[in-house]
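Visitor: Quick note, the sequence shown lines up with residues 291 to 402 if you use our numbering.
Glycine included, each C-beta is placed from N, C-alpha and C at the ideal position.
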Amino acid sequence: MNVYATKPLKSKKRIELKDIVINGKMNALKEELWKQYGYWCQEKDMQPYISKEDFKVSENFYINQSGGITFDFQLYELAPYAAGPVSLELYDTDQLIKSDFLPPMPTLKTEL
291 MNVYATKPLK
301 SKKRIELKDI
311 VINGKMNALK
321 EELWKQYGYW
331 CQEKDMQPYI
341 SKEDFKVSEN
351 FYINQSGGIT
361 FDFQLYELAP
371 YAAGPVSLEL
381 YDTDQLIKSD
391 FLPPMPTLKT
401 EL
């Protein structure tokens, strides 16, 4: 179930995960999210609720204010209800996400 409808301001066309991930990089994205899930579990002092084989990339995502991508998972998807909802954030995504969907990098002015 999708919670978010990510849309660019100009086209207003709904963006799906397959639209933003660089071709052939979905498995790499899954690996990065699995690592983040492991860090989340360590922070909560709990064992993973699901196996790596059962882990799926959430279609509920948005580009956050810091320029990263936040993936939200439904209750029970990655943790028991008592743990609350799980959100995993990825930064440094230029090797995974198409540049059209990444925030512009600041330009440094240099004086000669």
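If Leu392 and Glu322 are in contact, beta carbons under 8 Å, what's the gap, nearest whole angstrom?
Guide: The Cβ separation is near 15 Å, so there is no contact.
Visitor: What is the C-beta distance between Val376 and Trp330, in whole angstroms, given that I count them as a contact (C-beta under 8 Å)?
Guide: Confirmed, about 6 Å.
Visitor: Among the residues of its own chain, which have a CB less than 7 Å from the CB of Ser348, if the five just before and after it don't count?
Guide: For Ser348, where only same-chain residues beyond five positions count, the Cβ hits under 7 Å are Phe361, Asp362 and Phe363.
Visitor: Assuming the contact rule is C-beta atoms closer than 8 Å, Phe345 and Tyr327 should be a hit. Round their C-beta distance to whole Å, please.
Guide: At roughly 7 Å, the Cβ-Cβ gap stays under 8 Å, so Phe345 and Tyr327 are in contact.
Visitor: What did DSSP end up calling Phe361 once you bin it into helix, strand or coil?
Guide: The answer is strand: DSSP assigns Phe361 an E or B state.
Visitor: For the beta strand (DSSP E) holding Ile353, just list the boundary residues, first then last.
Guide: Unbroken beta strand (DSSP E) run through Ile353: Phe351 to Ile353.
Visitor: Looking at the secondary structure, which residues open and close the alpha helix (DSSP H) in which Glu306 lies?
Guide: Unbroken run through Glu306: none, as it is neither H nor E.
Visitor: Measure the alpha-carbon distance for Glu343 versus Asp390 and round it to whole angstroms.
Guide: Spanning the two alpha carbons is a distance of roughly 30 Å.
Visitor: Out of Gln355, Gln385 and Tyr339, state which residue places its alpha-carbon closest to the alpha-carbon of Leu368.
Guide: Answer by Cα proximity: Tyr339.
Visitor: By the three-class DSSP mapping on this structure, what secondary structure does Leu392 have?
Guide: Coil.
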